[in-house]
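Enquirer: Let me give you the structure first, and then I'll get to my questions.
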Amino acid sequence: DQQVKQNSPSLSVQEGRISILNCDYTNSMFDYFLWYKKYPAEGPTFLISISSIKDKNEDGRFTVFLNKSAKHLSLHIVPSQPGDSAVYFCAARGVRGADGLTFGKGTHLIIQP
Amino acid sequence: DTGVSQDPRHKITKRGQNVTFRCDPISEHNRLYWYRQTLGQGPEFLTYFQNEAQLEKSRLLSDRFSAERPKGSFSTLEIQRTEQGDSAMYLCASSVPGQTYEQYFGPGTRLTVT
Numbered sequence: 108d109q110q111v112k113q114n115s116p117s118l119s120v121q122e123g124r125i126s127i128l129n130c131d132y133t134n135s136m137f138d139y140f141l142w143y144k145k146y147p148a149e150g151p152t153f154l155i156s157i158s159s160i161k162d163k164n165e166d167g168r169f170t171v172f173l174n175k176s177a178k179h180l181s182l183h184i185v186p187s188q189p190g191d192s193a194v195y196f197c198a199a200r201g202v203r204g205a206d207g208l209t210f211g212k213g214t215h216l217i218i219q220p
Numbered sequence: 008d009t010g011v012s013q014d015p016r017h018k019i020t021k022r023g024q025n026v027t028f029r030c031d032p033i034s035e036h037n038r039l040y041w042y043r044q045t046l047g048q049g050p051e052f053l054t055y056f057q058n059e060a061q062l063e064k065s066r067l068l069s070d071r072f073s074a075e076r077p078k079g080s081f082s083t084l085e086i087q088r089t090e091q092g093d094s095a096m097y098l099c100a101s102s103v104p105g106q107t108y109e110q111y112f113g114p115g116t117r118l119t120v121t
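Residue numbers (the working numbering), protein chains in the order written: chain A, 108 to 220; chain B, 8 to 121.
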């Protein structure tokens, strides 16, 4: 069973506009949520995280929103730049002392010039 | 800070052979993680170490897999009697004490079993 779901395999956005990537989860015991970015032939790169006790975290062009009641989080990138084209993974960490992250399948973001 | 490094970057082996991968974490990162990623999927957690102690293993880590971190620095992941289903990208990550949710990944080792 997939505990972290990214239902959009791909997303195309025009340069300069806002990109919104979505993620849903089923396990209410997750305590941290993270977004990673991955280019081909490279490992995932940490972007931004949010604790389950917060509803928003911002870092430059990246903002993550968490809606615990809906078990939903989103990553907003504004403005979108060509270098943002990559696969974005949503990930979550459990509270039971386990440190292994649970990842979604990823969304391929394509920034159109 | 040189980042997490992994060696080799690519490995092609025949079914039934043993393979070993190495991961060097970021210095001062006491936690080290191994993940596996197959095509179209996100990374899947395999195991992690705090210093030299292996603290958690996923059910994905069959008895053909073994991981070590003998001196709390680099780690090795060995797969014995490889099968075609072992073909995947094997990723290593590390994290600092107190911020273990922020894991920094290496470039991965791509294993192809023929």
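Where is the CB? At the ideal position from N, CA and C, for every residue including glycine.
Using DSSP bridges, identify the partner residues of His-179 (chain A).
Expert: As a beta-bridge residue in DSSP terms, His-179 (chain A) pairs with A:Asp-131, A:Asn-174.
Enquirer: Closest to Gly-49 (chain B) by C-alpha separation, out of A:Thr-214, A:Gln-219, A:Pro-220, would be which residue?
Expert: A:Thr-214
Enquirer: Does chain A have any CB closer than 8 Å to the CB of Glu-3 (chain B)?
Expert: Outside the displayed range of chain B (8 to 121) lies residue 3 (chain B), so it cannot be described from this structure.
Enquirer: Against chain B, does Asp-206 (chain A) count as a neighbour if the rule is that its beta carbon must be under 8 Å from one of theirs?
Expert: Asp-206 (chain A) counts as touching chain B.
Enquirer: Nearest chain A C-beta to Leu-84 (chain B) closer than 8 Å, yes or no?
Expert: no
Enquirer: Report yes if the CB atom of Thr-89 (chain B) is closer than 8 Å to the CB atom of Val-26 (chain B), and no otherwise.
Expert: yes
Enquirer: Helix, strand or coil: which one does DSSP assign to Gly-123 (chain A)?
Expert: Under the three-state reduction of DSSP output, Gly-123 (chain A) falls in the coil class, being neither helix nor strand.
Enquirer: Mind listing the chain A neighbours of Glu-109 (chain B)? Cutoff is C-beta to C-beta under 8 Å, in chain order.
Expert: Leu-141, Phe-153, Ser-156, listed in chain order.
Enquirer: Is the separation between the beta-carbon of Val-185 (chain A) and that of Arg-200 (chain A) shorter than 8 Å?
Expert: no
Enquirer: Whose C-alpha, out of A:Ile-125, A:Pro-147, A:Asn-129, is nearest the C-alpha of Asn-82 (chain A)?
Expert: No statement about residue 82 (chain A) is possible, as the shown extent of chain A runs from 108 to 220 and does not include it.
Enquirer: Following the continuous beta strand (DSSP E) through Ala-100 (chain B), name the residue where it begins and the one where it ends.
Expert: 95 to 102
Enquirer: Given Ile-222 (chain A), which residues of its chain have a CB within under 7 Å of its CB, disregarding the five upstream and five downstream residues?
Expert: Lying outside 108 to 220, the shown extent of chain A, residue 222 (chain A) is not represented and no answer is given.
Enquirer: Do three or more CB pairs link the stretch 24 to 41 of chain B to the stretch 130 to 139 of chain A at distances below 8 Å?
Expert: no
Enquirer: Comparing C-alpha positions only, which one of B:Ile-19, B:His-17, B:Leu-39 sits nearest to Val-103 (chain B)?
Expert: Relative to the Cα of Val-103 (chain B), the nearest Cα in the group B:Ile-19, B:His-17, B:Leu-39 belongs to B:Leu-39.
Enquirer: Select from B:Leu-84, B:Thr-116, B:Glu-59 the residue whose C-alpha is nearest the C-alpha of Lys-78 (chain B).
Expert: B:Glu-59
Enquirer: Using the rule of at least 16 other Cβ atoms within 10 Å of the residue's Cβ for burial, across every protein chain shown, is Ser-156 (chain A) buried or exposed?
Expert: buried
Enquirer: Taking 8 Å as the CB-CB limit, is Leu-98 (chain B) close to chain E?
Expert: Absence of chain E from the displayed structure is noted, the protein chains being A and B.
Enquirer: What are the boundary residues of the beta strand (DSSP E) that includes Phe-153 (chain A)?
Expert: 152 to 158
Enquirer: In angstroms, rounded to a whole number, what distance separates the CA positions of Lys-178 (chain A) and Cys-30 (chain B)?
Expert: Each residue's Cα considered, the two are about 34 Å apart.
Enquirer: Can you tell me which of the three DSSP states Asp-162 (chain A) falls into?
Expert: coil
Enquirer: Going along the chain, which residues of its own chain have a beta-carbon closer than 6 Å to the beta-carbon of Leu-68 (chain B), five neighbours each way excluded?
Expert: Once the five neighbours on either side are set aside, the close Cβ partners of Leu-68 (chain B) are Leu-53, Thr-54.
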